[in-house]
Structures are given as structure tokens and as C-alpha cells.
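Asks:
Protein chains in written order, with this note's numbering: chain V, 897 to 1025; chain E, 546 to 827.
(1) Could you name the residues that DSSP lists as bridge partners for residue 682 of chain E?
(2) Nearest to residue 1011 of chain V by CA position, among V:904, V:929, V:992 and V:990, is which residue?
(3) Give the DSSP-derived three-state secondary structure of residue 577 of chain E in the structure shown.
(4) Under 6 Å Cβ to Cβ from residue 666 of chain E, same chain only, skipping five residues before and after it: list those, please.
(5) For residue 709 of chain E, which option in E:551, E:677, E:739 and E:695 has the closest C-alpha, if you only look at C-alpha atoms?
(6) Which residues of chain V have a Cβ atom closer than 9 Å to the Cβ of residue 610 of chain E, listed in chain order?
(7) For a cutoff of 8 Å on Cβ pairs, would you count residue 696 of chain E as touching chain V?
(8) Okay, do the stretch 755-770 of chain E and the stretch 667-674 of chain E touch, 3+ Cβ pairs below 8 Å being the bar?
(9) Which value, in whole angstroms, describes the spacing of the CA atoms of residue 932 of chain V and residue 992 of chain V?
(10) Work out the CA separation of residue 601 of chain E and residue 820 of chain E for me, nearest whole Å.
(11) Consult DSSP for residue 677 of chain E and reduce its assignment to one of helix, strand or coil.
(12) So, is the C-beta of residue 985 of chain V closer than 8 Å to a C-beta in chain E?
(13) Give the list of continuous alpha helix (DSSP H) stretches no shorter than 4 residues that lie fully inside the stretch 687-733 of chain E.
(14) Hey, out of E:744, E:648, E:731 and E:701, whose CA is closest to residue 559 of chain E's CA?
(15) Is there a C-beta anywhere in chain V that falls below 8 Å from the one on residue 714 of chain E?
(16) Give the range of the beta strand (DSSP E) segment to which residue 946 of chain V is assigned.
(17) State the start and end residues of the unbroken alpha helix (DSSP H) segment that holds residue 911 of chain V.
(18) Alpha carbon to alpha carbon, how far is residue 824 of chain E from residue 607 of chain E? Give it in angstroms, no decimals.
(19) What did DSSP end up calling residue 755 of chain E once you bin it into helix, strand or coil?
(20) Just the chain V side, please: which residues come within less than 7 Å of residue 707 of chain E by C-beta, in chain order?
(21) Flag residue 531 of chain E as yes if its beta-carbon sits less than 8 Å from any beta-carbon of chain V, otherwise no.
(22) Residue 732 of chain E CB to nearest chain V CB: under 8 Å?
(23) So, do the stretch 778-787 of chain E and the stretch 565-572 of chain E have three or more beta carbon pairs nearer to each other than 8 Å?
(24) Quick check on residue 782 of chain E: does DSSP put it in helix, strand or coil?
(25) For the stretch 760-785 of chain E, which residues have a CB atom closer than 9 Å to at least one CB atom of chain V, in sequence order?
(26) What first and last residue would you give for the alpha helix (DSSP H) that runs through residue 999 of chain V?
(27) Give a yes or no on whether the C-beta atoms belonging to residue 1005 of chain V and residue 699 of chain E are separated by under 8 Å.
(28) Residue range of the alpha helix (DSSP H) that residue 646 of chain E falls in?
(29) Which residues, in chain order, does the stretch 958-986 of chain V contribute to contact with chain E at a C-beta distance below 8 Å?
(30) DSSP on residue 814 of chain E, reduced to helix/strand/coil?
(31) At the level of alpha carbons, what is the spacing between residue 986 of chain V and residue 718 of chain E?
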């Protein structure tokens, strides 16, 4: 049973906002990004290290800095407690699997440390696909 | 009583292509010299697990140096290095290593390096087979394009965090968290040289079509790569080893691109097998 995208957004927000590693370093973690999981899309808006809003039904004109796009199968692999090789991060998946990183990658790089920690929360929270 | 490490650090000054380098190295053990090169943008603390491993140091004189500009080894003291872009080449890298080994009067050491250190190990096997007892290229391949990128030292981003986090998923998720963050920490310290190192790794290192000329009777080659290495994946290393007459490939399960620092106890299992093979050939 796949969790609803709204339930996922609640779980992800809570996990991110109480994560000690993000809390220790994310004072200026401010950016907006799209995760395109195929059958589900979300725009996560981060302000000063906290999840300000998760748009679970993005419209075509809704803005974001950068996007990660991959198949539902790839997102499910990301969300395993111990992902298989090449599904264990955004760079491994973009080098070896179907993940595409698009948009303003400088914004991604400016926030890379905290974004990477946040991305790996999927291993605890799961994905809505 | 304080807990003292048996590892000792020293400096040696060497001349490489007209550059005067004061090189810092860590050393422990006795027996066959085993010279260790860290990965690009890093330093010799990556090898601390090995340097403090009594099973290895009982029979091997383990020496891990900081390449010039890395860790405690300065840029050249006799040049205005800040007026030229740092771009490491295969020739200078090899000249550095052979000069360092000669300065320490090492008798045909085993050379081991990971990532760009693995790639230069292949270069040494081809160009200096009689100076080394064997080489252990870790996470290496004949060619490793795609990582010489401006993003590593872009002035609009925090280069330390970009370097540390950009290589984060070169490690396996099941490696111990303490060790993965320690490796991340090492990577935050080498941000200014990382891109220049990668000039060698992704641009100047290109051994396609040359691997058949490596003579493993003079210098055995034991290659090892972890299954979580996306940059030099296992199939790339295996394909490289297959083209080297007598080349040996060992696949390391459940480990990534920084095996010696991200999970030393697991890496040691594979390293001991590599050393056993080298002993059998000596």
C-alpha cells in the first residue's frame, strides 16, 4: 500500500525539522526544489533550515530552483533502508541510473550538505510512489 | 596513562621537476615497505586504520604521505604557486612518488592508492615496473572521465561542503556512520586542490590502449573496487584488469570509493588477500 502524498509530506516535514544533523548546520538552508517521482510530484520549500511548505500538487507555473526527476522504481530504491549500489545517492543515480538533475544546480550546490542529509531521510520516511 | 598511537609523523624535503616540496608522511611497522597514496583532495589520515593495524604492520612498513598541497605538505616553497592554476599531471604525479620513495631509500616498495591514487598506481606499473614490488590500484580504471568540474571550487558555493557532500555517496550506506562522517570531514579540508587533482584523474590519466604493455611479471597488479563506487564502478575496474596480462581483480562487497577510511575493518579483509597474492608472486 503506497502512502498518500499528503501523508508523506507530513512525515517528511516532521523528520526533516527534527533531524539533529540538519539542525546542527542548516541555519541558511534556503531553497525550493521539485522531486518528480513519476506518479507523484512535490515541491519542497525550505527556509532557514525548516520545511516552510510542501506543495503536493504542483501546477506547471509553480516555481522551484532545481529538480530531481526519476522513475517511481528508482525513488522506491532510494527509499530502501539500505539502497542497492547506484541507488544510494543523487550522484550515483545520476551517473548510473535514470535520475536527472535539472534547473539551477548552483542552488543545489549551495545547499548540498543539508540537501544530501535530507534526501537520505527517504530511507526512514519512504516515498509516495 | 595516555593512549599513544605507534604511528609517527615526519617531514622529508624532495625535489620534483624543479619544485621543492616538504612532504609530511606517517609511518608505522617493519618489513616490506607499503607506500600509500590518499584520494584526490584528501590527505594521509585516510590510512589511519591501516597504519594502526598490528596484523599488517607486523610484516609491512606502512608509509602514508600527504601529496604536495595536501594535508600537512605545503605547495612548493620555491615557486609563486599562487600565480598558476594547479593542474596535476600523470608525469608530475609519478615523479613525485618515485622521488619520495628514493628519498626514504625504500627497497622496491608495494604502492597502493585509491581513486586518483589507484590510477597513478596503474601509471607506475606501466612506466616504473622495476621500482615497485607490486601495485594495488584501488577504485581505479584505465580512464575515469567526468569529474574535472568547475563546481568543486565555485566561488558562489561553499567549496568545503560541496567537496565533502559531493563525494558522500561514493561511500556505501552500510559503512559505519562515524567513519563516513570522518571521511566527509577529510574532504572538507582539501577543497582548493580537489579540482586540480581531478585534472589528473579525469583528463590526463588515459591508459586506453596501453594496458597490454604492463608487465606483471616485473610488477604484479592487484586491482580492487567496491560495489558502491559509482565513479569507477566494479565493471570498469574489472574491464581494466582484464586487459592487463596477468592482472588480478578483486571485487569488494558492500563498500565504496574510500574503503580504507569509510570501513577499514572490511577493507582489511580484501587487502590481506591482495598482499597474500603479492607474497605468493615474490
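Every residue, glycine too, gets a C-beta built ideally from N, C-alpha and C.
Computed from a prediction, not measured in an experiment: that's the story for all the values here.
Replies: On the basis of the supplied data:
(1) Counting from 1 along the second chain, the entry for residue 682 of chain E is found at position 137. Partner(s): E:658.
(2) Your numbering for residue 1011 of chain V matches position 115 in the first chain. Minimum Cα distance to residue 1011 of chain V is reached at V:929.
(3) The sequence position of residue 577 of chain E within the second chain is 32, counting from 1. It is a strand residue.
(4) Residue numbering aside, residue 666 of chain E sits at position 121 when the second chain is read from its first letter. Excluding residues within five positions, the ones whose Cβ falls inside 6 Å are 656, 658, 680 and 682.
(5) Within the second chain, numbered from 1, the residue matching residue 709 of chain E stands at position 164. Of the listed residues, the one whose Cα sits closest to residue 709 of chain E is E:739.
(6) On the second chain, position 65 is the one that residue 610 of chain E refers to. Chain V residues near residue 610 of chain E: none, gap ~28 Å exceeds 9 Å.
(7) In the second chain, residue 696 of chain E corresponds to position 151, counting from 1. Closer than 8 Å: yes.
(8) yes
(9) To locate residue 932 of chain V, count along the first chain from 1; it is residue 36. To locate residue 992 of chain V, count along the first chain from 1; it is residue 96. Computed Cα separation, rounded: 18 Å.
(10) Here residue 820 of chain E corresponds to residue number 275 of the second chain, with the count starting at 1. Here residue 601 of chain E corresponds to residue number 56 of the second chain, with the count starting at 1. Distance between the alpha carbons of residue 820 of chain E and residue 601 of chain E: 9 Å.
(11) Here residue 677 of chain E is taken as the residue at index 132 of the second chain, counted from 1. Residue 677 of chain E: coil per DSSP, three-state reduction.
(12) On the first chain, residue 985 of chain V is found 89 positions in, with the first residue counted as 1. For residue 985 of chain V, the answer is yes, since a Cβ of chain E falls inside 8 Å of its Cβ.
(13) 704-711 and 722-733
(14) Within the second chain, numbered from 1, the residue matching residue 559 of chain E stands at position 14. The option with the nearest alpha carbon to residue 559 of chain E is E:648.
(15) On the second chain, residue 714 of chain E is found 169 positions in, with the first residue counted as 1. For residue 714 of chain E, the answer is yes, since a Cβ of chain V falls inside 8 Å of its Cβ.
(16) Taking the first chain and counting its residues from 1, the one referred to as residue 946 of chain V is at position 50. Counting along the chain, the beta strand (DSSP E) containing residue 946 of chain V begins and ends at 946-951.
(17) Residue mapping note: residue 911 of chain V aligns to position 15 of the first chain, counting from 1. Start and end: 901-913.
(18) Start at 1 with the first residue of the second chain, and residue 607 of chain E comes out as number 62. Start at 1 with the first residue of the second chain, and residue 824 of chain E comes out as number 279. The alpha-carbon atoms of residue 607 of chain E and residue 824 of chain E are separated by roughly 16 Å.
(19) Here the question's residue 755 of chain E lines up with position 210 in the second chain. If DSSP states are grouped into helix, strand and coil, residue 755 of chain E belongs with coil.
(20) Working through the second chain from its first residue, we reach residue 707 of chain E at position 162. Those are 1005 and 1008, listed as they occur along chain V.
(21) The requested residue 531 of chain E is not part of the displayed model; chain E covers only 546 to 827.
(22) If you number the second chain from 1, residue 732 of chain E lands on position 187. With 8 Å as the cut-off, residue 732 of chain E does not count as an interface residue toward chain V.
(23) no
(24) In the second chain, residue 782 of chain E corresponds to position 237, counting from 1. Residue 782 of chain E: helix per DSSP, three-state reduction.
(25) 771, 772, 773, 774, 775, 776, 778 and 779
(26) Start at 1 with the first residue of the first chain, and residue 999 of chain V comes out as number 103. Careful: residue 999 of chain V lies outside any alpha helix (DSSP H), inside the beta strand (DSSP E) at 996-999.
(27) Translated into positions along the first chain, residue 1005 of chain V becomes position 109. Translated into positions along the second chain, residue 699 of chain E becomes position 154. Yes, these two residues count as a Cβ contact at 8 Å.
(28) Mapped onto the second chain, residue 646 of chain E falls at position 101. Residues 635-648.
(29) 978, 979, 981, 982, 984, 985 and 986
(30) In the second chain, residue 814 of chain E corresponds to position 269, counting from 1. If DSSP states are grouped into helix, strand and coil, residue 814 of chain E belongs with the helices.
(31) Against the first chain, residue 986 of chain V aligns to sequence position 90. Against the second chain, residue 718 of chain E aligns to sequence position 173. Going from the Cα of residue 986 of chain V to the Cα of residue 718 of chain E covers about 13 Å.
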